[in-house]
Amino acid sequence: MQWGTRLGVIMAVAGSAVGLGNFLRFPGKAVENGGGAFMIPYFVALLLVGIPLCWAEWAMGRYGGRRGFNSAPGIFSVLWRNPLAKYLGAFALLIPLTVYFYYIVIEAWCLGYAWNYLTGDLMQGKNVEGYKSFFVEYSGQGADGSLFSFANGVPQLLIFVAIVFLLNFALVYRGLSKGIEMFCNLAMPTMAVCAVCVLVRVLTLPPNPANAEQSVANGLGFMWNPNYDALWDPATWLAAAGQIFFTLSVGFGVIINYASYVKPKEDIALSGLTATSINEFFEVCLGGLITIPAAFIFLGAVTLTSFTGSSFSLGFNALPNVFAEMPGGQFFGFLWFFMLFLAAITSSVSMLQPVMAFFEEGLGVKRFGSTVIMFLLTTLGTLFVLYYSQGLRGLDSIDFWSGELFIVVLALIQCLIYGWVLGIDRGKEELDDGAKLAVPGFVHLVIKFISPAFLAWILVAMLMSKNTATGAYKIVEKLQDPLQATGFGIVVGCIVLLWVMVFFAGQRWVRQGRYAALDKE
(Lines of atoms letter the chains of each structure in order from A and count residues from 1; the text may use other names and numbers.)
(Lines give C-alpha, C1' and ligand atoms only; values in the text may rest on other atoms or scores of the structure.)
Protein backbone atom coordinates (compact mmCIF):
# COMPACT_ATOMS: atom_id res chain seq x y z
CA MET A 1 0.00 0.00 0.00
CA GLN A 2 1.39 3.41 -1.02
CA TRP A 3 0.27 6.93 -1.70
CA GLY A 4 -0.63 7.59 -5.33
CA THR A 5 1.14 10.94 -5.65
CA ARG A 6 3.40 13.21 -3.65
CA LEU A 7 0.69 15.88 -3.66
CA GLY A 8 -1.71 13.32 -2.26
CA VAL A 9 0.36 12.59 0.85
CA ILE A 10 0.94 16.32 1.42
CA MET A 11 -2.80 16.98 1.20
CA ALA A 12 -3.53 14.03 3.50
CA VAL A 13 -1.04 15.17 6.15
CA ALA A 14 -2.21 18.78 5.82
CA GLY A 15 -5.81 17.57 6.05
CA SER A 16 -4.97 15.71 9.24
CA ALA A 17 -3.49 18.90 10.70
CA VAL A 18 -6.08 21.41 9.44
CA GLY A 19 -9.07 20.94 11.69
CA LEU A 20 -11.43 22.67 14.07
CA GLY A 21 -8.52 23.94 16.15
CA ASN A 22 -7.42 26.20 13.30
CA PHE A 23 -10.69 28.12 13.10
CA LEU A 24 -12.12 27.91 16.61
CA ARG A 25 -9.44 26.99 19.16
CA PHE A 26 -6.62 29.20 17.82
CA PRO A 27 -8.50 32.55 17.73
CA GLY A 28 -9.93 32.00 21.21
CA LYS A 29 -6.53 31.03 22.67
CA ALA A 30 -4.90 34.08 21.09
CA VAL A 31 -7.44 36.50 22.56
CA GLU A 32 -7.26 34.84 26.01
CA ASN A 33 -3.45 34.88 26.13
CA GLY A 34 -2.26 38.32 25.13
CA GLY A 35 -3.47 38.72 21.55
CA GLY A 36 -0.49 39.47 19.34
CA ALA A 37 1.86 38.64 22.23
CA PHE A 38 0.54 35.06 22.12
CA MET A 39 2.21 34.68 18.74
CA ILE A 40 5.67 34.93 20.34
CA PRO A 41 5.40 31.69 22.39
CA TYR A 42 3.32 30.24 19.56
CA PHE A 43 6.15 30.61 17.03
CA VAL A 44 8.75 29.61 19.62
CA ALA A 45 6.83 26.36 20.14
CA LEU A 46 6.46 25.97 16.36
CA LEU A 47 10.23 26.29 15.83
CA LEU A 48 11.39 24.32 18.89
CA VAL A 49 8.84 21.51 18.86
CA GLY A 50 6.36 21.72 15.97
CA ILE A 51 8.51 21.69 12.84
CA PRO A 52 11.41 19.63 14.29
CA LEU A 53 9.10 16.94 15.67
CA CYS A 54 7.11 16.95 12.44
CA TRP A 55 10.32 16.25 10.50
CA ALA A 56 11.34 13.60 13.02
CA GLU A 57 8.00 11.81 12.55
CA TRP A 58 8.37 11.90 8.77
CA ALA A 59 11.89 10.47 9.04
CA MET A 60 10.94 7.75 11.53
CA GLY A 61 7.86 6.80 9.53
CA ARG A 62 9.71 6.35 6.26
CA TYR A 63 12.59 4.58 8.05
CA GLY A 64 10.14 1.99 9.36
CA GLY A 65 8.23 1.81 6.07
CA ARG A 66 11.40 1.00 4.15
CA ARG A 67 11.86 -1.97 6.46
CA GLY A 68 8.36 -3.29 5.97
CA PHE A 69 6.51 -1.79 8.95
CA ASN A 70 3.65 0.72 8.80
CA SER A 71 2.13 0.60 12.28
CA ALA A 72 3.66 2.60 15.13
CA PRO A 73 4.48 -0.45 17.32
CA GLY A 74 6.31 -2.05 14.38
CA ILE A 75 8.11 1.19 13.46
CA PHE A 76 9.19 1.78 17.06
CA SER A 77 10.52 -1.78 17.29
CA VAL A 78 12.57 -1.11 14.15
CA LEU A 79 13.92 2.17 15.49
CA TRP A 80 14.81 0.66 18.88
CA ARG A 81 15.61 -3.05 18.94
CA ASN A 82 14.26 -3.51 22.45
CA PRO A 83 11.22 -5.55 23.54
CA LEU A 84 9.75 -2.46 25.22
CA ALA A 85 9.80 -0.36 22.05
CA LYS A 86 6.64 -1.78 20.52
CA TYR A 87 4.70 -1.07 23.74
CA LEU A 88 5.77 2.58 23.60
CA GLY A 89 4.52 2.58 20.01
CA ALA A 90 1.06 1.69 21.33
CA PHE A 91 0.71 5.28 22.57
CA ALA A 92 0.70 6.33 18.89
CA LEU A 93 -2.41 4.15 18.52
CA LEU A 94 -4.02 5.29 21.77
CA ILE A 95 -4.12 9.01 20.88
CA PRO A 96 -5.93 8.81 17.51
CA LEU A 97 -8.26 6.05 18.78
CA THR A 98 -9.47 7.91 21.86
CA VAL A 99 -9.49 11.41 20.35
CA TYR A 100 -11.77 10.02 17.64
CA PHE A 101 -14.34 9.17 20.36
CA TYR A 102 -15.25 12.83 20.81
CA TYR A 103 -13.94 14.44 17.63
CA ILE A 104 -16.58 12.66 15.58
CA VAL A 105 -19.28 14.22 17.78
CA ILE A 106 -17.97 17.75 17.15
CA GLU A 107 -17.80 16.87 13.45
CA ALA A 108 -21.49 15.96 13.58
CA TRP A 109 -22.25 19.32 15.23
CA CYS A 110 -20.62 21.08 12.26
CA LEU A 111 -22.54 19.09 9.66
CA GLY A 112 -25.75 19.56 11.62
CA TYR A 113 -25.28 23.32 11.85
CA ALA A 114 -24.48 23.47 8.11
CA TRP A 115 -27.74 21.61 7.40
CA ASN A 116 -29.74 23.89 9.70
CA TYR A 117 -28.34 26.95 7.93
CA LEU A 118 -29.20 25.42 4.57
CA THR A 119 -32.81 24.92 5.70
CA GLY A 120 -32.96 28.32 7.42
CA ASP A 121 -33.68 26.90 10.89
CA LEU A 122 -30.66 28.68 12.39
CA MET A 123 -31.58 32.13 11.10
CA GLN A 124 -33.22 33.41 14.29
CA GLY A 125 -32.05 37.03 14.30
CA LYS A 126 -29.73 38.48 16.90
CA ASN A 127 -30.54 36.33 19.91
CA VAL A 128 -27.53 35.53 22.09
CA GLU A 129 -29.46 33.48 24.65
CA GLY A 130 -31.49 31.77 21.92
CA TYR A 131 -28.41 30.44 20.16
CA LYS A 132 -26.94 29.32 23.48
CA SER A 133 -30.13 27.39 24.23
CA PHE A 134 -30.13 25.87 20.76
CA PHE A 135 -26.58 24.57 21.20
CA VAL A 136 -27.27 23.24 24.71
CA GLU A 137 -30.31 21.34 23.51
CA TYR A 138 -28.71 20.21 20.23
CA SER A 139 -25.62 18.78 21.96
CA GLY A 140 -27.56 17.29 24.88
CA GLN A 141 -25.90 19.42 27.55
CA GLY A 142 -29.06 19.70 29.63
CA ALA A 143 -28.73 16.26 31.20
CA ASP A 144 -26.79 13.04 30.82
CA GLY A 145 -28.59 10.63 28.53
CA SER A 146 -30.90 13.31 27.14
CA LEU A 147 -29.85 12.44 23.58
CA PHE A 148 -31.20 8.92 24.13
CA SER A 149 -34.58 9.78 25.64
CA PHE A 150 -36.32 9.73 22.22
CA ALA A 151 -39.29 11.54 23.76
CA ASN A 152 -39.70 13.63 20.61
CA GLY A 153 -38.25 11.14 18.15
CA VAL A 154 -34.62 10.53 17.25
CA PRO A 155 -32.53 13.66 17.99
CA GLN A 156 -31.12 15.19 14.84
CA LEU A 157 -27.57 15.05 16.26
CA LEU A 158 -27.65 11.24 16.46
CA ILE A 159 -28.64 11.08 12.79
CA PHE A 160 -25.67 13.23 11.82
CA VAL A 161 -23.34 11.23 14.08
CA ALA A 162 -24.43 8.10 12.18
CA ILE A 163 -23.89 9.85 8.84
CA VAL A 164 -20.37 11.06 9.62
CA PHE A 165 -19.47 7.70 11.18
CA LEU A 166 -20.44 5.84 8.02
CA LEU A 167 -18.75 8.39 5.77
CA ASN A 168 -15.47 8.19 7.71
CA PHE A 169 -15.39 4.41 7.59
CA ALA A 170 -16.41 4.29 3.93
CA LEU A 171 -13.44 6.51 3.08
CA VAL A 172 -10.88 4.68 5.21
CA TYR A 173 -12.11 1.27 4.02
CA ARG A 174 -11.19 2.28 0.46
CA GLY A 175 -7.58 2.60 1.55
CA LEU A 176 -4.94 5.27 1.11
CA SER A 177 -4.99 6.30 -2.54
CA LYS A 178 -8.63 5.54 -3.40
CA GLY A 179 -10.07 6.71 -0.11
CA ILE A 180 -8.10 9.14 2.08
CA GLU A 181 -5.92 10.65 -0.67
CA MET A 182 -8.77 11.05 -3.13
CA PHE A 183 -11.00 12.71 -0.56
CA CYS A 184 -8.31 15.07 0.79
CA ASN A 185 -7.36 16.14 -2.75
CA LEU A 186 -10.97 17.31 -3.17
CA ALA A 187 -11.71 18.49 0.37
CA MET A 188 -8.65 20.69 0.94
CA PRO A 189 -9.17 23.01 -2.08
CA THR A 190 -12.91 23.12 -1.37
CA MET A 191 -12.18 24.07 2.22
CA ALA A 192 -9.83 26.83 1.08
CA VAL A 193 -12.44 28.26 -1.32
CA CYS A 194 -15.10 28.27 1.41
CA ALA A 195 -12.74 29.93 3.89
CA VAL A 196 -11.60 32.61 1.43
CA CYS A 197 -15.24 33.41 0.52
CA VAL A 198 -16.10 33.90 4.19
CA LEU A 199 -12.89 35.89 4.75
CA VAL A 200 -13.68 38.29 1.89
CA ARG A 201 -17.20 38.75 3.26
CA VAL A 202 -15.83 39.51 6.75
CA LEU A 203 -13.10 41.91 5.63
CA THR A 204 -15.58 43.89 3.51
CA LEU A 205 -18.18 44.28 6.27
CA PRO A 206 -19.02 47.90 7.11
CA PRO A 207 -18.78 49.12 10.73
CA ASN A 208 -21.69 48.32 12.99
CA PRO A 209 -24.28 51.10 12.46
CA ALA A 210 -25.10 51.08 16.16
CA ASN A 211 -21.45 51.54 17.15
CA ALA A 212 -18.87 52.78 14.64
CA GLU A 213 -16.06 51.51 16.90
CA GLN A 214 -17.11 47.95 16.07
CA SER A 215 -15.27 47.75 12.72
CA VAL A 216 -13.06 45.26 10.93
CA ALA A 217 -9.93 47.23 11.81
CA ASN A 218 -10.79 47.34 15.51
CA GLY A 219 -11.81 43.68 15.39
CA LEU A 220 -8.38 42.78 14.06
CA GLY A 221 -6.85 44.97 16.76
CA PHE A 222 -8.93 43.21 19.43
CA MET A 223 -7.29 39.94 18.43
CA TRP A 224 -3.81 40.98 17.38
CA ASN A 225 -2.84 43.98 19.56
CA PRO A 226 -0.24 42.54 21.95
CA ASN A 227 -0.56 42.44 25.73
CA TYR A 228 3.04 41.73 26.64
CA ASP A 229 2.22 41.12 30.31
CA ALA A 230 0.86 37.73 29.21
CA LEU A 231 4.39 36.65 28.26
CA TRP A 232 5.28 36.39 31.95
CA ASP A 233 2.44 33.97 32.60
CA PRO A 234 3.47 30.30 32.21
CA ALA A 235 -0.12 29.52 31.21
CA THR A 236 0.41 31.50 28.00
CA TRP A 237 3.37 29.33 27.02
CA LEU A 238 1.48 26.15 27.89
CA ALA A 239 -1.48 27.31 25.81
CA ALA A 240 0.79 28.12 22.86
CA ALA A 241 2.58 24.77 23.04
CA GLY A 242 -0.73 22.93 23.37
CA GLN A 243 -2.07 24.72 20.31
CA ILE A 244 0.99 23.71 18.25
CA PHE A 245 0.50 20.04 19.20
CA PHE A 246 -3.19 20.19 18.40
CA THR A 247 -2.86 22.06 15.14
CA LEU A 248 0.06 20.16 13.57
CA SER A 249 -1.09 16.69 14.69
CA VAL A 250 2.39 16.06 16.10
CA GLY A 251 2.35 13.48 18.85
CA PHE A 252 -0.87 12.08 17.39
CA GLY A 253 0.62 9.01 15.75
CA VAL A 254 -0.80 10.01 12.37
CA ILE A 255 2.22 11.44 10.57
CA ILE A 256 4.49 8.53 11.50
CA ASN A 257 1.93 6.15 9.98
CA TYR A 258 1.29 8.24 6.87
CA ALA A 259 5.02 8.73 6.24
CA SER A 260 5.62 4.97 6.27
CA TYR A 261 3.74 4.69 2.96
CA VAL A 262 5.78 7.25 1.00
CA LYS A 263 8.09 6.18 -1.81
CA PRO A 264 11.70 5.38 -0.76
CA LYS A 265 13.23 8.45 -2.45
CA GLU A 266 10.43 10.90 -1.65
CA ASP A 267 11.53 14.39 -0.54
CA ILE A 268 10.05 14.09 2.94
CA ALA A 269 11.82 17.23 4.19
CA LEU A 270 10.01 19.45 1.70
CA SER A 271 6.77 17.48 1.97
CA GLY A 272 6.76 17.88 5.76
CA LEU A 273 7.49 21.61 5.57
CA THR A 274 4.83 22.10 2.88
CA ALA A 275 2.16 20.33 4.93
CA THR A 276 3.11 22.42 7.98
CA SER A 277 2.99 25.65 5.93
CA ILE A 278 -0.48 24.80 4.57
CA ASN A 279 -1.70 24.27 8.12
CA GLU A 280 -0.24 27.57 9.32
CA PHE A 281 -1.86 29.40 6.39
CA PHE A 282 -5.27 28.00 7.33
CA GLU A 283 -4.73 28.79 11.01
CA VAL A 284 -3.05 32.19 11.11
CA CYS A 285 -4.11 33.72 7.79
CA LEU A 286 -7.67 32.37 7.64
CA GLY A 287 -8.74 31.33 11.13
CA GLY A 288 -7.05 34.32 12.71
CA LEU A 289 -8.68 36.80 10.33
CA ILE A 290 -12.23 35.46 10.30
CA THR A 291 -13.63 34.34 13.63
CA ILE A 292 -12.78 37.11 16.12
CA PRO A 293 -13.04 40.13 13.75
CA ALA A 294 -16.45 38.98 12.48
CA ALA A 295 -17.79 38.42 15.98
CA PHE A 296 -16.35 41.75 17.20
CA ILE A 297 -18.25 43.76 14.58
CA PHE A 298 -21.65 42.42 15.56
CA LEU A 299 -21.19 41.64 19.25
CA GLY A 300 -18.56 44.09 20.49
CA ALA A 301 -15.68 43.50 22.87
CA VAL A 302 -17.72 43.07 26.05
CA THR A 303 -20.11 40.41 24.72
CA LEU A 304 -17.42 38.67 22.68
CA THR A 305 -15.12 38.30 25.69
CA SER A 306 -17.76 36.12 27.37
CA PHE A 307 -17.45 33.62 24.50
CA THR A 308 -13.64 33.35 24.15
CA GLY A 309 -13.18 31.02 27.13
CA SER A 310 -14.50 28.10 25.08
CA SER A 311 -13.88 27.16 21.46
CA PHE A 312 -17.35 25.61 21.36
CA SER A 313 -19.02 28.68 22.78
CA LEU A 314 -17.25 30.92 20.28
CA GLY A 315 -18.06 28.73 17.30
CA PHE A 316 -21.55 27.50 18.09
CA ASN A 317 -22.97 30.36 20.19
CA ALA A 318 -21.27 33.58 19.09
CA LEU A 319 -20.94 33.07 15.33
CA PRO A 320 -24.63 32.25 14.71
CA ASN A 321 -25.37 35.75 16.07
CA VAL A 322 -22.90 37.11 13.53
CA PHE A 323 -24.46 35.33 10.58
CA ALA A 324 -27.92 36.42 11.74
CA GLU A 325 -26.99 40.08 11.15
CA MET A 326 -24.59 39.64 8.23
CA PRO A 327 -25.96 40.32 4.71
CA GLY A 328 -26.31 36.91 3.07
CA GLY A 329 -25.86 35.37 6.51
CA GLN A 330 -27.74 32.15 5.74
CA PHE A 331 -25.43 31.35 2.81
CA PHE A 332 -22.25 32.34 4.64
CA GLY A 333 -23.37 30.47 7.77
CA PHE A 334 -23.83 27.31 5.71
CA LEU A 335 -20.48 27.90 3.99
CA TRP A 336 -18.69 28.39 7.32
CA PHE A 337 -20.03 25.28 9.04
CA PHE A 338 -19.65 23.16 5.91
CA MET A 339 -16.01 24.26 5.81
CA LEU A 340 -15.65 23.29 9.49
CA PHE A 341 -17.16 19.90 8.66
CA LEU A 342 -14.59 19.37 5.87
CA ALA A 343 -11.80 20.43 8.22
CA ALA A 344 -13.08 17.96 10.82
CA ILE A 345 -13.50 14.96 8.52
CA THR A 346 -10.05 15.28 6.92
CA SER A 347 -8.73 15.07 10.49
CA SER A 348 -11.02 12.34 11.80
CA VAL A 349 -10.42 9.97 8.88
CA SER A 350 -6.68 10.23 9.59
CA MET A 351 -7.30 9.02 13.16
CA LEU A 352 -8.69 5.70 11.95
CA GLN A 353 -5.83 4.68 9.65
CA PRO A 354 -3.00 4.22 12.23
CA VAL A 355 -4.96 1.74 14.36
CA MET A 356 -6.37 -0.13 11.37
CA ALA A 357 -2.84 -0.42 9.95
CA PHE A 358 -1.80 -2.10 13.20
CA PHE A 359 -4.71 -4.56 13.11
CA GLU A 360 -3.76 -5.54 9.57
CA GLU A 361 0.00 -5.64 10.03
CA GLY A 362 0.23 -6.90 13.61
CA LEU A 363 -2.74 -9.24 13.86
CA GLY A 364 -3.10 -10.30 10.21
CA VAL A 365 -6.65 -8.96 9.90
CA LYS A 366 -7.93 -8.08 6.41
CA ARG A 367 -9.16 -4.59 5.56
CA PHE A 368 -12.82 -5.45 6.10
CA GLY A 369 -12.09 -7.06 9.46
CA SER A 370 -9.97 -4.13 10.67
CA THR A 371 -12.74 -1.74 9.63
CA VAL A 372 -15.34 -3.71 11.60
CA ILE A 373 -13.14 -3.94 14.73
CA MET A 374 -12.35 -0.23 14.62
CA PHE A 375 -16.01 0.60 14.04
CA LEU A 376 -17.04 -1.33 17.15
CA LEU A 377 -14.30 0.14 19.36
CA THR A 378 -14.98 3.74 18.34
CA THR A 379 -18.76 3.27 18.61
CA LEU A 380 -18.41 2.25 22.27
CA GLY A 381 -16.19 5.26 23.02
CA THR A 382 -18.46 7.68 21.18
CA LEU A 383 -21.54 6.36 23.00
CA PHE A 384 -19.80 7.26 26.28
CA VAL A 385 -19.25 10.82 25.06
CA LEU A 386 -22.82 11.12 23.76
CA TYR A 387 -24.43 9.71 26.90
CA TYR A 388 -22.43 11.81 29.39
CA SER A 389 -23.30 15.00 27.55
CA GLN A 390 -24.26 17.24 30.46
CA GLY A 391 -21.85 20.16 30.33
CA LEU A 392 -19.89 18.14 27.74
CA ARG A 393 -18.12 16.47 30.67
CA GLY A 394 -17.74 13.11 28.93
CA LEU A 395 -16.06 14.84 26.00
CA ASP A 396 -13.86 16.91 28.30
CA SER A 397 -12.68 13.88 30.27
CA ILE A 398 -11.37 12.02 27.21
CA ASP A 399 -9.95 15.24 25.74
CA PHE A 400 -7.90 16.03 28.85
CA TRP A 401 -6.36 12.61 29.41
CA SER A 402 -5.73 11.73 25.79
CA GLY A 403 -5.79 14.99 23.80
CA GLU A 404 -3.79 17.02 26.32
CA LEU A 405 -1.76 14.79 28.64
CA PHE A 406 -0.81 11.65 26.70
CA ILE A 407 -0.16 13.59 23.51
CA VAL A 408 2.74 15.31 25.31
CA VAL A 409 3.93 11.93 26.61
CA LEU A 410 3.99 10.51 23.07
CA ALA A 411 5.75 13.58 21.67
CA LEU A 412 8.44 13.25 24.36
CA ILE A 413 8.87 9.53 23.62
CA GLN A 414 9.29 10.25 19.91
CA CYS A 415 11.87 12.97 20.54
CA LEU A 416 13.93 10.68 22.75
CA ILE A 417 13.77 7.78 20.29
CA TYR A 418 14.73 9.99 17.34
CA GLY A 419 17.47 11.93 19.11
CA TRP A 420 18.96 9.30 21.41
CA VAL A 421 18.07 5.87 20.00
CA LEU A 422 17.94 6.21 16.23
CA GLY A 423 20.50 8.97 16.62
CA ILE A 424 20.63 12.33 14.89
CA ASP A 425 23.23 11.12 12.37
CA ARG A 426 21.00 8.33 11.06
CA GLY A 427 18.00 10.62 11.43
CA LYS A 428 19.65 13.30 9.32
CA GLU A 429 20.65 10.72 6.73
CA GLU A 430 17.05 9.51 6.47
CA LEU A 431 15.58 13.00 6.32
CA ASP A 432 18.09 14.20 3.71
CA ASP A 433 17.72 11.14 1.48
CA GLY A 434 15.88 12.37 -1.61
CA ALA A 435 15.70 15.95 -0.32
CA LYS A 436 16.39 18.74 -2.79
CA LEU A 437 17.60 20.91 0.08
CA ALA A 438 19.14 19.40 3.20
CA VAL A 439 17.58 20.21 6.56
CA PRO A 440 19.99 22.41 8.59
CA GLY A 441 22.09 20.42 11.05
CA PHE A 442 21.05 22.50 14.05
CA VAL A 443 17.47 21.21 13.67
CA HIS A 444 18.63 17.74 14.69
CA LEU A 445 20.40 19.19 17.73
CA VAL A 446 17.15 20.94 18.63
CA ILE A 447 15.28 17.61 18.42
CA LYS A 448 17.91 15.87 20.56
CA PHE A 449 18.38 18.46 23.31
CA ILE A 450 15.94 21.37 23.25
CA SER A 451 12.67 19.72 22.20
CA PRO A 452 12.79 16.99 24.91
CA ALA A 453 13.61 19.59 27.58
CA PHE A 454 10.77 21.82 26.39
CA LEU A 455 8.33 18.89 26.33
CA ALA A 456 9.45 17.70 29.77
CA TRP A 457 8.84 21.19 31.14
CA ILE A 458 5.35 21.22 29.62
CA LEU A 459 4.57 17.79 31.09
CA VAL A 460 5.81 18.73 34.57
CA ALA A 461 3.91 22.03 34.40
CA MET A 462 0.71 20.17 33.52
CA LEU A 463 1.16 17.67 36.35
CA MET A 464 2.08 20.36 38.90
CA SER A 465 -0.57 22.88 37.85
CA LYS A 466 -2.80 23.98 40.75
CA ASN A 467 -6.30 25.38 40.99
CA THR A 468 -5.81 28.98 42.10
CA ALA A 469 -9.12 28.94 43.99
CA THR A 470 -8.55 25.76 46.02
CA GLY A 471 -4.78 25.37 45.94
CA ALA A 472 -5.18 21.69 44.98
CA TYR A 473 -3.41 20.04 42.07
CA LYS A 474 -5.70 20.11 39.03
CA ILE A 475 -4.87 16.56 38.05
CA VAL A 476 -5.80 15.32 41.56
CA GLU A 477 -9.10 17.20 41.37
CA LYS A 478 -9.83 15.56 38.03
CA LEU A 479 -9.15 12.09 39.42
CA GLN A 480 -11.49 12.83 42.34
CA ASP A 481 -14.27 13.69 39.89
CA PRO A 482 -16.09 10.39 39.16
CA LEU A 483 -16.67 11.14 35.48
CA GLN A 484 -13.12 12.38 34.93
CA ALA A 485 -11.87 9.25 36.68
CA THR A 486 -14.08 7.18 34.37
CA GLY A 487 -12.59 8.93 31.35
CA PHE A 488 -9.12 8.18 32.71
CA GLY A 489 -10.15 4.55 33.19
CA ILE A 490 -11.35 4.32 29.59
CA VAL A 491 -8.07 5.72 28.27
CA VAL A 492 -6.04 3.38 30.50
CA GLY A 493 -8.25 0.47 29.51
CA CYS A 494 -7.61 1.24 25.84
CA ILE A 495 -3.83 1.30 26.31
CA VAL A 496 -3.93 -2.02 28.22
CA LEU A 497 -6.02 -3.58 25.42
CA LEU A 498 -3.57 -2.26 22.85
CA TRP A 499 -0.61 -3.60 24.83
CA VAL A 500 -2.18 -7.07 24.83
CA MET A 501 -2.61 -6.83 21.06
CA VAL A 502 0.96 -5.55 20.69
CA PHE A 503 2.25 -8.56 22.62
CA PHE A 504 0.61 -11.00 20.21
CA ALA A 505 1.70 -8.88 17.23
CA GLY A 506 5.31 -9.05 18.42
CA GLN A 507 5.13 -12.82 18.71
CA ARG A 508 3.70 -12.98 15.19
CA TRP A 509 6.48 -10.77 13.74
CA VAL A 510 9.14 -12.98 15.36
CA ARG A 511 7.56 -16.14 13.92
CA GLN A 512 7.48 -14.50 10.49
CA GLY A 513 11.19 -13.69 10.79
CA ARG A 514 10.55 -10.03 10.11
CA TYR A 515 13.31 -8.92 12.50
CA ALA A 516 15.97 -11.24 11.11
CA ALA A 517 17.16 -8.85 8.42
CA LEU A 518 17.09 -5.94 10.86
CA ASP A 519 19.41 -7.71 13.28
CA LYS A 520 22.04 -7.84 10.53
CA GLU A 521 22.02 -4.08 9.92
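Be aware that the sequence shown starts at 6, since it is given in my numbering, and climbs by one per residue.
Heads up, the beta-carbon is just placed ideally off N, CA and C, and yes, glycines get one too.
From a predicted model like this one, the values you see are computed outputs, not experimental measurements.
When you compare each of the options to residue i by their alpha carbons, which one comes out closest?
i, options, result
"T384", "L102, F227, Y47", "L102"
"F328", "Y118, R372, S151, A474", "Y118"
"Q7", "G24, R179, L25, L163", "R179"
"L84", "R431, G20, V505", "R431"
"I185", "I403, L381, P359, A416", "P359"
"T491", "D401, R516, F170, G9", "D401"
"I56", "I500, T281, G333", "T281"
"V289", "G9, S21, G33", "G33"
"L436", "Y68, A22, F364", "Y68"
"A244", "E409, K453, A474", "E409"
"A246", "A416, G338, W504, K433", "A416"
"F493", "V465, A35, L99", "L99"
"W114", "A466, E134, R86, Q146", "Q146"
"T387", "V54, I109, A77", "I109"
"L123", "E434, I418, G333, V501", "G333"
"I403", "E482, M361, F106", "F106"
"A148", "V426, S276, V390, R519", "V390"
"F31", "A477, N326, G320", "G320"
Three-state secondary structure (DSSP) at residue i?
i, result
"Y478", "strand"
"N27", "helix"
"A156", "strand"
"K471", "strand"
"N216", "strand"
"N132", "coil"
"M6", "coil"
"V267", "coil"
"D430", "helix"
"G439", "coil"
"T491", "helix"
"R72", "coil"
"W1", "Past the edges of the chain, shown from 6 to 526, lies residue 1, and the structure says nothing about it."
"N230", "coil"
"G147", "coil"
"S394", "coil"
"G33", "helix"
"G424", "helix"
"N326", "helix"
Is residue i near residue j, with beta carbons less than 8 Å apart?
i, j, result
"I260", "V448", "no"
"G305", "N232", "no"
"C420", "P445", "no"
"G13", "S265", "no"
"I273", "W63", "yes"
"L204", "I295", "yes"
"T241", "P46", "yes"
"L468", "I480", "yes"
"G367", "G79", "yes"
"F81", "I422", "yes"
"N26", "A235", "Reading off the sequence, residue 26 comes out as Gly, not Asn. In this structure, A235 does not lie closer than 8 Å to G26 by Cβ."
"N173", "S407", "no"
"M558", "M16", "The chain is shown only over 6 to 526; residue 558 falls outside these bounds and no answer can be derived."
"R72", "P269", "no"
"F96", "V505", "no"
"T36", "I297", "Looking at the sequence itself, residue 36 is Val, so the reference to Thr does not match. Yes, the pair counts as a contact, with Cβ atoms nearer than the cut-off."
"I463", "L450", "no"
"L357", "V177", "yes"
"A362", "S182", "no"
"F459", "V54", "yes"
Touching by the beta-carbon criterion (3+ pairs, under 8 Å), the region 224–239 and the region 47–60: The region 224–239 vs the region 47–60: no contact.
Inter-stretch contact at 8 Å, needing at least 3 Cβ pairs: the region 334–345 / the region 139–154: Taking 8 Å as the limit for Cβ pairs, the verdict is that the region 139–154 does not touch the region 334–345.
Three-pair Cβ contact test at 8 Å for the region 89–107 versus the region 506–525: At 8 Å Cβ cutoff, the stretches touch.
Contact between the region 354–373 and the region 143–159 (3+ Cβ pairs under 8 Å): Segment contact: the region 354–373 against the region 143–159, fewer than three CB-CB distances shorter than 8 Å; contact not assigned.
Contact between the region 396–409 and the region 205–224 (3+ Cβ pairs under 8 Å): They do not touch, by the three-pair rule.
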